[in-house]
Amino acid sequence: MRIESLRIKNYKIFKEIFIGNIPNMAIFLGANGSGKSTLFDVFGFLHDALIDNVRAAITKRGGFKEVVSRGEKGPIDFEIKFRPNPVEPIVTYNLIIGPDQKGIPVVKREILKYRRGQKGKPWHFLDFSEGAGVAIINENEYGLPDAEPKREDQKLDSPDILAIKGLGQFQKFPQIAAFRRLIEGWHVSDFHIQAARASQDAGYSEHLSPTGENLPLVAQFMYEHYQDQFQEVLNKMSNRVPGVKDVKATETADGRIVLQFQDGSFKDPFVARYVSDGTIKMFAYLLLLHDPKPHPLLCIEEPENQLHPELLRELAEEFRIYSERGGQVFISTHSPDFVNGVEISELFWLTKKNGFSIIQRASENELVKRLVEEGDLPGALWKQGFFEGAGPR
Ligand SMILES: Nc1ncnc2c1ncn2[C@@H]1O[C@H](COP(=O)(O)OP(=O)(O)O)[C@@H](O)[C@H]1O
Ligand SMILES: [Mg+2]
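Okay, here's the thing in structure tokens:
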């Protein structure tokens with residue numbers, strides 16, 4: 005999947021922004037409080053709204069009053085244009101959220117529409133407001149000559165449930181179901197080293213969870229089912245973290261799984277609890293990035309923390325490879341070393357103006373573009389102050 009554009013209205017610091025032509029990997033810079041975390045929270049919000057409902061997603065963020073842009077009544081309005089894969093037509097998802105008469109946040113409008121080619125009329129696969137609407141029942145005829153949409157009235161259990169959730173569980177709406185699965189697969193990282201160090205009850209996990217607490221289980225899964233990928237992770241670990249020869253997930257007598265890091269200099273391994281923060285984090289990232297089934301979208305904040313600056317360019321390249329394998333990658337960073345591994349077409353920066361955030365692209369700055377063409381590294385230019393507005397001063 006690739007998100008091609010994103011429009012946000014009235015969501016916290018984003019009173020009105022549009023990002024078009026979004027690359028497979030997009031890197032966001034900006035001073036503290038410029039909206040980087042909020043941008044990623046947009047994806048977290050949509051994910052939460054789908055998994056639970058709109059009201060729960062709003063409540064988790066302090067209620068509608070906190071979530072709507074200061075001074076605005078709303079509604080909150082998201083529009084995402086994306087391509088499920090390179091050969092499929094562009095799909096637009098529009099979600100508008102506002103309070104009902106009692107002030108409870110509900111879905112004011114939700115539309116999923118497909119457009120094939122520039123001329124074709126878009127088909128609204130679903131169009132809902134406040135729990136009722138219509139959905140197409142002849143999805144598979146879309147794109148056939150002379151086909152016309154056939155619609156059916158549908159009702160949801162509640163006006164704060166997304167129609168992509170309510171209808172996405174039915175066989176007769178395969179495209180809606182596919183879109184629902186895409187959002188379910190979004191990974192908005194909230195990685196905590198302490199959580200990833202802990203042992204886990206024996207079990208089964210294919211993908212690293214957002215906090216990383218299932219790291220031992222994912223390591224075990226990769227070791228058992230994807231030996232080549234796991235070996236590559238180990239090779240990279242021993243290259244990057246001096247002394248680390250092997251990592252094993254082992255079961256303790258009381259049925260828990262712990263990670264053990266083997267140091268080449270000692271006979272007994274160290275359990276995860278006693279290895280360095282950077283070691284745990286590098287191992288977690290490598291497992292995430294070598295996941296045989298990439299997430300359709302991966303959002304990571306400040307990957308540089310706890311890692312040695314010399315490892316960051318390589319890490320940027322690995323994120324790019326991941327993004328080319330089918331997932332899209334959004335990263336925020338404060339690290340010039342990381343940015344040195346990034347193309348200028350992948351760079352964006354956020355600036356706060358009059359209390360609200362605006363987003364600019366590095367490639368639209370002629371001077372920066374020319375200097376990079378002449379061989380300067382983007383991170384170095386940023387450090388020298390060439391990215392106007394992309395720093396605290
Ligand atoms: N409802 C809102 N309306 C306008 N601004 C908001 C709202 N809620 C939070 N903010 C602002 O958004 C900023 C949070 O930005 P954040 O995404 O955490 O920045 P970063 O991750 O770049 O440091 C804060 O400066 C806060 O003042
Ligand atoms: Mg932040």
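To convert, take the position in the sequence shown, counting from 1, and add 4; that gives our numbering.
Just so you know, even glycine gets a beta-carbon here, dropped at the ideal spot from N, CA and C.
Remember, predicted model here, so these are calculated numbers, not experimental data.
With 16 other Cβ atoms within 10 Å as the buried cut-off, status of residue i
{"i": "Thr-256", "result": "exposed"}
{"i": "Pro-90", "result": "exposed"}
{"i": "Lys-176", "result": "exposed"}
{"i": "Asp-272", "result": "exposed"}
{"i": "Asp-164", "result": "buried"}
{"i": "Phe-18", "result": "buried"}
{"i": "Asn-243", "result": "exposed"}
{"i": "Ser-339", "result": "buried"}
{"i": "Asn-369", "result": "buried"}
{"i": "Asp-150", "result": "exposed"}
{"i": "His-191", "result": "buried"}
{"i": "Glu-314", "result": "exposed"}
{"i": "Phe-174", "result": "exposed"}
{"i": "Gly-75", "result": "exposed"}
{"i": "Lys-69", "result": "exposed"}
{"i": "Gln-224", "result": "buried"}
{"i": "Gly-216", "result": "buried"}
{"i": "His-294", "result": "buried"}
{"i": "Lys-13", "result": "buried"}
{"i": "Leu-148", "result": "exposed"}
{"i": "Lys-159", "result": "exposed"}
{"i": "Tyr-289", "result": "buried"}
{"i": "Leu-50", "result": "buried"}
{"i": "Asn-25", "result": "exposed"}
{"i": "Tyr-208", "result": "exposed"}
Cβ-heavy atom distance, residue i to ligand 1, below 7 Å
{"i": "Ser-38", "result": "yes"}
{"i": "Leu-70", "result": "Note that residue 70 is Glu in the sequence shown here, rather than Leu. True, at least one ligand heavy atom lies under 7 Å from that Cβ."}
{"i": "Gly-393", "result": "no"}
{"i": "Gly-359", "result": "yes"}
{"i": "Ala-73", "result": "This sequence places Ser at residue 73; Ala is not what is there. Yes, Cβ of Ser-73 sits closer than 7 Å to a heavy atom of ligand 1."}
{"i": "Gly-67", "result": "no"}
{"i": "Lys-16", "result": "yes"}
{"i": "Gly-137", "result": "no"}
{"i": "Gly-48", "result": "no"}
{"i": "Gly-34", "result": "yes"}
Residue i Cβ short of 7 Å to ligand 2 heavy atom set
{"i": "Glu-314", "result": "no"}
{"i": "Ser-339", "result": "no"}
{"i": "Ser-41", "result": "yes"}
{"i": "Glu-217", "result": "no"}
{"i": "Glu-305", "result": "yes"}
CB-CB length for residue i against residue j, believed under 8 Å
{"i": "Pro-220", "j": "Ser-193", "result": "The pair is not a contact, with the Cβ atoms about 18 Å apart (cut-off 8 Å)."}
{"i": "Met-29", "j": "Ser-327", "result": "4 Å"}
{"i": "Ile-100", "j": "Lys-112", "result": "4 Å"}
{"i": "Ile-168", "j": "Arg-184", "result": "5 Å"}
{"i": "Phe-342", "j": "Ala-320", "result": "6 Å"}
{"i": "Lys-40", "j": "Asp-52", "result": "19 Å between Cβ atoms; not a contact."}
{"i": "Ile-363", "j": "Leu-354", "result": "5 Å"}
{"i": "Pro-88", "j": "Leu-186", "result": "7 Å"}
{"i": "Ser-83", "j": "Thr-96", "result": "Note that residue 83 corresponds to Glu in the displayed sequence, not to Ser. Yes, they are in contact, since the Cβ atoms of Glu-83 and Thr-96 sit about 7 Å apart, within 8 Å."}
{"i": "Ile-62", "j": "Pro-109", "result": "5 Å"}
{"i": "Leu-311", "j": "Leu-212", "result": "No, Leu-311 and Leu-212 are not in contact; Cβ-Cβ is about 17 Å, not under 8 Å."}
{"i": "Gly-268", "j": "Lys-240", "result": "Wrong, their Cβ atoms sit about 16 Å apart, outside the cutoff."}
{"i": "Glu-152", "j": "Gln-179", "result": "Not quite, the Cβ-Cβ distance comes to about 17 Å (not below 8 Å), so this is no contact."}
{"i": "Gly-345", "j": "Pro-298", "result": "Going by Cβ atoms, the distance from Gly-345 to Pro-298 rounds to 19 Å, so no, they are not a contact pair."}
{"i": "Val-262", "j": "Val-251", "result": "With a Cβ gap of about 11 Å, Val-262 and Val-251 do not count as contacting."}
{"i": "Pro-27", "j": "Glu-322", "result": "Between Glu-322 and Pro-27 the Cβ distance is about 16 Å, and since that is not below 8 Å, they are no contact."}
{"i": "Ser-336", "j": "Phe-44", "result": "7 Å"}
{"i": "Ala-394", "j": "Gly-34", "result": "6 Å"}
{"i": "Glu-37", "j": "Lys-356", "result": "According to the sequence as given, residue 37 is Gly; it is not Glu. With a Cβ gap of about 6 Å, Gly-37 and Lys-356 count as contacting."}
{"i": "Leu-130", "j": "Ala-136", "result": "Incorrect: roughly 11 Å between the Cβ atoms, too far for contact."}
{"i": "Arg-3", "j": "Gln-204", "result": "Residue numbering for the chain in the displayed model covers 5 to 397; residue 3 lies beyond these limits and cannot be assessed."}
Contact with chain C by residue i, beta-carbon distance below 8 Å
{"i": "Ile-325", "result": "The chain inventory of the structure shown lacks chain C, comprising one protein chain alone."}
Give the list of continuous alpha helix (DSSP H) stretches no shorter than 4 residues that lie fully inside the region 269-315. Uninterrupted alpha helix (DSSP H) stretches at least 4 residues long and entirely within the region 269-315 occur at 281-293, given in chain order.
Ranges of the alpha helix (DSSP H) found wholly within the region 154-202, counting only runs of at least 4: Within the region 154-202, the complete alpha helix (DSSP H) segments of 4 residues or longer fall at 167-170, 178-188, 197-201, listed in chain order.
Ordered list of beta strand (DSSP E) runs contained in the region 326-364, each at least 3 residues: List check, beta strand (DSSP E) in window: 332-336, 351-357.
Would you mind listing the alpha helix (DSSP H) stretches within the region 215-274 that are 4+ residues and don't spill past its ends, in chain order? Contiguous alpha helix (DSSP H) elements confined to the region 215-274 occur at 219-229, 231-244, taking only those with 4 or more residues.
Minimum length 4: unbroken alpha helix (DSSP H) runs contained in the region 42-111: Within the region 42-111, the complete alpha helix (DSSP H) runs of at least 4 residues are 58-64, 68-71.
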